[in-house]
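First residue of the sequence shown: 1, per the UniProt record's numbering; consecutive thereafter.
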Amino acid sequence: MGALLGLDTGREELLPARCLVGRSRACDLILAARDVSSQHAVVQWTGAVWELQDLGSRNGTAVGEHRLAFGERVPLRRGHQIRFGRQSGAFEFVDDAPPRPMAVHLDSGRIRVAAAGLLALPDDDPPELLLYPDGPDRWIGERHGELSEVGDRAVVLVRGEMWRVHLPTGGPGTWEEHPSDVTVADLLLRFSHSSNEEYVELVAFVGERRLDLQARAHHYPLLLLARARVADQQRGVPEAEQGWVQQDRLLAMLKIEPGHLNISIHRSRSQLGQAGVADAAKLVERRKGTRQLRLGACRIEIVRV
């Protein structure tokens, strides 16, 4: 993802899709030099390239020897050196890859970057809040099984700590370096289980391609959701209504607590995302306000071994 390297500090600054630079605490890249304006400049992703714009600063912004005019936009290339004012150290533009979803801890500055399209806060094991795209311009936050829409640059409270989230829009193809064209809707899921169901193996097929997800404990909740969806398909239930299960019923079947279920779902999604599925969060869908969930894939095979 896009990054600036502070030449006097050696510190790499990862760039959100719109990075505001200045002295103000509201900025994403805060510079202490007195000749830097409160909102000095902005570095932003256009969907194709990174560009730099001066915001009418008192002491100017320069790319190499070129001083930007007020409002001027300059495309950035790797190796460009940038100065904000005269007193602040120079930065080198070192990475021109698209921005990735990320969150910044407001107290420590610690950064979490999305993996496989899933932004987990405060960490992966397990996350309290999971953020993922729902279409090109909308992000969903999932917390304890409940859904809400989360906007770019929103501040969220997670385990008593504040994070600012940076959520690119335009769909994964505009902000991932190597976007996948494989989605959950493309998958055929084949579950193989032992007679006592202590062993559950999952393989996903996309045409001739095979994604071996192996035998994992977190596949068992998926198997139960798969059975519910197949049963509704066999009864002729409309696709939009197939496979929905009340969470309390699923928990009773699994004999586990909600937190354990959420961990299993997160591990399943993460594994699928790491296998190259673009919208892995849709492996398990939740229906807002109902505490219902279902398997997102509709092509399913279940085999006893």
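Ideal Cβ positions, reconstructed from N, Cα and C, are used throughout, including at glycine.
Judging by CA-CA distance, which residue of the options is the nearest neighbour of residue i?
i           : options            : result
residue 300 : 230, 73, 265       : 230
residue 145 : 5, 72, 213, 130    : 130
residue 47  : 286, 98, 238       : 98
residue 11  : 84, 29, 17, 256    : 29
residue 55  : 43, 123, 66        : 43
residue 23  : 302, 40, 255, 287  : 40
residue 37  : 50, 49, 20         : 20
residue 148 : 237, 5, 201, 286   : 286
residue 25  : 226, 76, 109       : 109
residue 205 : 140, 186, 225, 151 : 186
residue 305 : 265, 192, 226      : 192
residue 72  : 294, 263, 88, 61   : 61
residue 27  : 157, 168, 207, 153 : 153
residue 100 : 18, 57, 7          : 18
residue 114 : 126, 125, 128, 132 : 132
Just mark residue i as buried or exposed, buried being the case when its beta carbon has 16 or more other beta carbons within 10 Å.
i           : result
residue 142 : buried
residue 306 : Beyond the ends of the chain as shown, which are 1 and 305, falls residue 306; an answer cannot be given.
residue 296 : buried
residue 162 : exposed
residue 236 : exposed
residue 213 : buried
residue 70  : exposed
residue 136 : exposed
residue 248 : exposed
residue 106 : exposed
residue 266 : buried
residue 123 : exposed
residue 228 : buried
Once DSSP output is grouped into helix, strand and coil, what is the label at residue i?
i           : result
residue 197 : coil
residue 53  : strand
residue 242 : coil
residue 184 : helix
residue 281 : helix
residue 27  : coil
residue 191 : strand
residue 78  : coil
residue 36  : coil
residue 68  : coil
residue 20  : strand
residue 154 : coil
residue 15  : coil
residue 297 : coil
residue 291 : coil
residue 203 : strand
residue 237 : coil
residue 305 : coil
residue 58  : coil
Would you kindly report the start and end of the unbroken beta strand (DSSP E) that includes residue i?
i           : result
residue 226 : Per DSSP, residue 226 belongs to no beta strand (DSSP E); it is in the alpha helix (DSSP H), 219 to 234.
residue 143 : 139 to 143
residue 166 : 161 to 166
residue 91  : 91 to 95
residue 61  : 61 to 63
residue 102 : 102 to 105
residue 146 : 146 to 150
residue 120 : 119 to 121
residue 131 : 129 to 133
residue 3   : 3 to 6
residue 86  : Premise fails: residue 86 is in no beta strand (DSSP E) and is neither H nor E.
residue 209 : 209 to 215
residue 113 : 111 to 113
residue 41  : 41 to 45
By the DSSP assignment, the alpha helix (DSSP H) with residue i in it spans what residues?
i           : result
residue 328 : The structure shown does not extend to residue 328, since the chain spans only 1 to 305, so no value can be given for it.
residue 253 : 247 to 254
When the cut-off is 8 Å and only beta carbons count, does residue i lie next to chain C?
i          : result
residue 71 : The structure shown contains no chain C; it holds only a single protein chain.
Evaluate the contact criterion for the region 81 to 89 versus the region 27 to 41: three or more CB pairs, one atom per stretch, below 8 Å.
yes
Any contact of the region 234 to 242 with the region 180 to 190, i.e. 3+ C-beta pairs under 8 Å?
no
Would you call the region 270 to 285 and the region 118 to 138 touching, i.e. three or more CB-CB distances under 8 Å?
yes
Stretch pair the region 192 to 200 + the region 216 to 232: three plus CB contacts closer than 8 Å:
yes
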